[in-house]
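To start, the structure under review is shown below, and the notes come after it.
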Amino acid sequence: MSDMGMNLFEASEQWRKRPADERFLTLEEMLDACKGYAGQAAEAVVNLEDMRVDARENDLVVVGKEGADARFTNWSFKQMCGRVAAPSEYLSRLPAPLAADCINSGLRERRSDGKDSRILFHRNGSLLVRAFTSDEYSRIWNWEVCQRLLGLQEAGWKVPPARPAYPGQPGTRKATVRDCLRLKSSGLSVKVGDEIAPAGLYASDHDMFVFMVNEEHRIEDGSPGGLGRGFFVSNSEVGAAAFKIKKFLYRYVCGNHIVWDVKGVEEI
């Protein structure tokens with residue numbers, strides 16, 4: 000038998016922290032949601048000289064040259080603060096008028112660099128800024144990633160089952176034979192009749208993460224059952240992280256999506 004490999008915890012961390020509205024039961028459902036985000040999006044390249052931040056009651060808005068305003072998401076606020084070298088956590092605790100003054104001061108200092116910002120808006124009655132990135136940023140849409148992954152299902156790739164991450168998680172049901180993985184080397188692996196809930200497919204307004212495995216044609220390594228193939232795919236269409244694929248061989252997956260005895264890890 001081969002030596003034991005390492006364990007991977009990225010998928011388990013996603014399983015642990017993601018709220019219900021960022022979890023999807025199928026790739027098709029996730030694709031539709033990501034297409035919805037993209038369908039309500041608009042992009043604009045704006046010079047820093049044409050932007051200012053105003054206080055509106057207890058909130059902040061960014062105002063463009065023509066006077067149109069848009070609210071921030073938590074992520075886009077952090078990006079704006081990063082652009083003007085201001086601490087976002089500190090500014091978020093200040094009264095809105097004072098925080099606006101601080102950001103505008105930073106904008107004035109950086110207008111001389113001649114750099115533009117690429118702004119991603121969400122349009123749904125009003126404008127919401129999803130991202131501030133440089134004008135050199137090349138965006139990969141989350142729906143494009145999902146679209147590519149759909150075809151893998153016909154080749155035997157699937158999302159491994161997971162137990163509910165918290166009591167009362169929406170979508171909780173009993174696992175069937177179709178849900179379960181073939182190799183259950185651990186008592187922690189999901190078995191028929193165990194409770195499972197949506198996991199392994201996640202998307203939000205700023206990122207996505209997918210965990211899939213393939214048990215067809217397992218790799219023989221001298222151990223019972225051999226090794227399966229798996230990968231993680233992550234992306235952010237708002238500049239939170241680069242597109243990344245992590246491929247690996249694995250022994251088994253437990254019900255909280257820890258991947259055990261992993262070998263042959265490759266990152267792209």
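Quick note on numbering that gives the first Met the number 0: the sequence shown kicks off at 0 and runs consecutively.
Note that beta-carbon positions come from the ideal geometry of N, C-alpha and C, so glycine has one too.
- Within the DSSP secondary-structure output, Lys-245 pairs in a beta bridge with Phe-231 and Glu-266.
- When secondary structure is reduced to three states using DSSP, Ala-99 falls in the helix class.
- Between Ala-240 and Cys-33, the beta carbon gap of about 16 angstroms keeps them out of contact (Cβ cut-off 8 angstroms).
- In terms of Cβ geometry, Asp-100 and Val-44 do not form a close pair [threshold 8 angstroms].
- When Ile-139, Pro-94 and Gly-81 are compared, the shortest CA-CA separation from Ser-235 is found for Ile-139.
- Bridge partners of Trp-259 according to DSSP: Tyr-251.
- For the pair of segments examined, the region 172-189 was found not to touch the region 134-150: the number of CB pairs separated by less than 8 angstroms stays below three.
- The beta carbon of Arg-51 lies closer than 6 angstroms to those of Val-62 and Asn-103 in the same chain, with the five residues before and after it left out.
- In the DSSP assignment, Ala-19 falls outside any beta strand (DSSP E) and carries neither an H nor an E.
- Secondary structure note for Asp-31: its alpha helix (DSSP H) is the uninterrupted segment 26-38.
- Around the Cβ of Pro-86, a 10 Å sphere holds fewer than 16 other Cβ atoms; the residue is exposed.
- Straight across, the Cα-Cα distance linking Val-232 with Ile-118 is about 25 angstroms.
- The DSSP-derived three-state label of Arg-82 is helix.
- Cβ-Cβ distances below 7 angstroms link Gly-105 to Val-83, Ala-84 and Ala-85 in the same chain, with the five nearest sequence neighbours on each side left out; the list follows chain order.
- Taking C-beta atoms under 8 angstroms as the contact rule, Trp-14 and Ala-164 qualify, at a distance of about 5 angstroms.
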